[in-house]
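To start, the structure itself, in structure tokens.
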Amino acid sequence: MYRAPVTEISHTLKNVVGLSTALDEGKFTDLSDDLIDAILEEAGKFASDEIAPLAAIGDSHGTPLNEGVVTMPPGWKKLYKDWIVGGWAALSGPQEYGGQGLPIMLNVATFEMWNSGSLAFGVGPTLTCGAVEAIETHASDELKEIYLDKLVSGEWTGTMNLTEPHAGSDLGTLRTRAEPVGDGSYRIFGQKIFITYGEHDLSENIIHLVLARLPDGPEGYRGLSLFLVPKNFVNEDGTIGARNDVFCSSIEHKLGIHASPTCTMIYGDGYAGDAPGAIGWLVGEENRGLSCMFTMMNNARLLVGIQGVAVGEAAYQQALDYANERRQGSAADYKGDGMAPIVHHADVQRNLLTMKALTGAARAICYACAHAIDLGNEGGAQEEGAKWRDRANLLTPIAKAFATDIGVEVASIGIQIHGGMGFIEETGAARLLRDARIAPIYEGTNGIQAIDLVTRKLPLVGGEAVAGYIAELREIAGDVQLSNRPEFGETGERLAAAFDALEQAKDWLLQQLSEKNRDQALAGATPFLRLFGLAAGGCYLAKSALQSEADNDFGRTVLARFFAENLLGETASLKSAIVDGADSLLQAADTALV
Ligand SMILES: Cc1cc2nc3c(=O)[nH]c(=O)nc-3n(C[C@H](O)[C@H](O)[C@H](O)COP(=O)(O)OP(=O)(O)OC[C@H]3O[C@@H](n4cnc5c(N)ncnc54)[C@H](O)[C@@H]3O)c2cc1C
């Protein structure tokens, strides 16, 4: 059963990505070391003791839909209630609306634990967090007054409605339409698919944020506006009023996250009040909906990245437990009776170490991204704030895509360690892989994240944002070499080689973009994102080791060395695929895809 890795999370936050330094510099004045540890400890208990035990029930029960009502699995309603009573929904919500205003970092850390307990549970609040941020940033004061405190507390939940049957990655052709009524409200008509937690019985209201097109809006992305459409209207005294004309017409049957209802939502199929259409209110300016939605999507992308870490951690723990119990064959270093526990076999050890090292690397990248968001918020309009916002923009696609790919990879290795039992549902290893598989797809597929990294994030500040980040990471690699600790083996040299590969690939990609060879650059986008994740992740593992007290190291130095000497070699072949492989890819696509 999952046990939250509180010590590791705390160490990563404080010593690897910089929370302790920020505290020393007088930032985040509401926080202290003790408070951070107390929050992580309590969250860890809730995730391990309350959420994780209900994950398998959620998976097997699913969320049946009957006459418009979606019933959550047994025990989940109480679980959600206990979660909001614990104040977890409000952790980093705005204080003006009842939130605790704590840094995003802590929220991301708790979300790692909720998602390790059950990804199907964690994904619901993920969207509510995004809704809070979008409403707080873009909505009118009136809408904020009516909706924010209940969303911040978690009493009501939020959704994000982009996808339509013909429009997923490309939202420019969305058809859902919004007609102004003339009194400040709009009538919304259309169908949205794949809407996470679009309908459920956990809360008495659901607040949908919906992208729709105004009648006179320009075509494409620039004609989209964002609307707040409540499931139930809210009376003037704050009580729940009449039902709006938005209904769930079906629930998807899917590979994983069975306890997360994935809904087809129909807006405006009947009447709300005395006229047809679901009633909604504009959030932000007309025709600026996509940029408002991006506020929500960037937040959500990091919280999806952490889902990959979460599943990786849960899969690693489960595989390690199994490897200690399951006995097969003999091993030179096993002197006990009978067959050796499989954890004594070098190949199983390789698999377990790969799981642990990749998960730790992805964790540090996600927390580094959260830290950059926090420092961007703290820094305001100053140059320092801008630097951190650029860093957050650079890291968001890497955090989302690298970490969620790792989640799938690690969960798959976890099954391998279980042998045949991994393929059998009752061990739970299969559920972790099934759950992990969605994360590289939603919130912008990982392919789209890679394109974002190469075409928008590399050119940030004329390439200085990425250059500055790589220079900082290189310093860590230099510190490893200077440390002269023999336990590091070749770590420093391997990191330096990985950064050489990263810089050569980065320069080549920027050159292709400047020469308008866009297809050449896009051909290398996905390998580049992985190369970036491996180099940065390996570096953070080394920093984690450098920042550990030698006699309380928790194996961090040997793990960093394992990563550098066993996994970082991939960076050379990734660089080669990017720089040398584009021509063959594009030529082969012309002739071989038949
Ligand atoms: C369980 C689940 C929950 C979801 N929750 C929500 C939700 O709450 N709200 C919501 O609005 N949506 C939600 N989605 C939808 C999800 O965000 C989309 O499925 C996703 O964005 C991909 O869109 P698509 O399925 O249309 O795939 P497509 O856009 O058709 O993509 C298919 C493939 O083509 C690739 N591709 C597409 N365009 C390009 C391009 N320009 N360049 C290179 N490659 C490209 C993609 O990377 C992908 O591999 C959910 C989906 C699922 C399955």
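Residue numbering for the sequence shown follows our numbering, starting at 423 and increasing by one per position. Glycine included, C-beta positions come from ideal geometry on N, C-alpha and C.
If you look at Trp703, you'll find it in the beta strand (DSSP E) that goes 700–705. Around the C-beta of Ile846, fewer than 16 other C-beta atoms lie within 10 Å, and the residue is accordingly described as exposed.
Checking the DSSP bridge columns, you'll see Cys685 partnered with Ile617, Ile673. Separation of the CB atoms of Ala426 and Met535 is rounded to 5 Å, and the pair is thereby assigned contact status at 8 Å.
DSSP places Asn988 in the helix class (H, G or I) of the three-state scheme.
Per the Cβ contact rule, the segment 453–470 is not in contact with the segment 651–671 (fewer than 3 Cβ pairs under 8 Å). For the 7 Å CB-CB criterion, Ala982 and Ala994 do not form a contact. Here DSSP, grouped into helix, strand and coil, assigns Val438 to helix. A distance below 6 Å between beta-carbons, with the five flanking residues on each side excluded, links Tyr519 to the following residues of its chain, in chain order: Leu570, Asp571, Val574.
With 16 or more neighbouring CB atoms inside 10 Å of its own CB, His560 falls in the buried class. Under the DSSP definition of a beta bridge, Ile610 partners with Ala600, Ala700. Restricting attention to Val491, Gln934, Pro949, the CA atom closest to the CA of Cys670 is found in Val491. Beyond the five residues adjoining it in sequence on each side, Leu775 comes within less than 8 Å, by CB distance, of Leu981, Phe984, Asn988 in the same chain, given in chain order. With a minimum length of 3 residues, the unbroken runs of beta strand (DSSP E) contained wholly in the segment 555–597 fall at 579–583. Around the Cβ of Ala542, a 10 Å sphere holds 16 or more other Cβ atoms; the residue is buried. Distance from the CA of Asp929 to the CA of Phe921, rounded to the nearest whole angstrom, comes to 12 Å. Beta-bridge partners of Ala694 (DSSP): Ala697.
Taken through DSSP and simplified to helix, strand or coil, Gly960 comes out as helix.
Counting C-beta atoms within 10 angstroms of its own C-beta, Asn627 has 16 or more neighbours from the protein chains shown and is therefore classed as buried. For Ser647, the pairing in a beta bridge is given by DSSP as Ala634. Put simply, the segment 464–480 does not touch the segment 645–656. Fewer than three CB pairs are less than 8 Å apart. Contact between Thr581 and Gly544 does not hold, since the beta-carbon distance rounds to 15 Å and is not under 8 Å. With a contact defined as Cβ atoms closer than 8 Å, Ala825 and Ile728 qualify at about 7 Å. In the structure shown, Pro496 falls within a coil segment according to DSSP collapsed to helix, strand and coil. Around the Cβ of Pro908, a 10 Å sphere holds fewer than 16 other Cβ atoms; the residue is exposed. By the criterion of at least three beta-carbon pairs nearer than 8 Å, the segment 691–707 is in contact with the segment 549–565. Per DSSP, Gly663 lies in no alpha helix (DSSP H); the unbroken beta strand (DSSP E) holding it starts and ends at 662–665.
At a cut-off of 4 residues, the continuous stretches assigned as alpha helix (DSSP H) that sit fully inside the segment 498–533 are 498–507. Distances from the CA of Asp605 to each of Gly523, Asp456, Ile701 were compared; the closest alpha carbon is that of Ile701. The Cβ atoms of Gly959 and Ile839 lie no closer than 7 Å to each other. Secondary structure of Asn773 (DSSP, three-state): helix. In this structure, the CA atom of Leu712 is about 12 Å from the CA atom of Asp592.
Leu1008 and Leu931 have their C-alpha atoms roughly 15 Å apart.
Taking a C-beta distance under 7 Å as the contact criterion, Val733 and Ala600 do not qualify as a contact pair. Nearest Cα to Gly509 within the set Met494, Lys499, Gly497, Asn529: Asn529. Three or more Cβ pairs closer than 8 Å define a contact, and the segment 606–614 meets that threshold against the segment 683–695.
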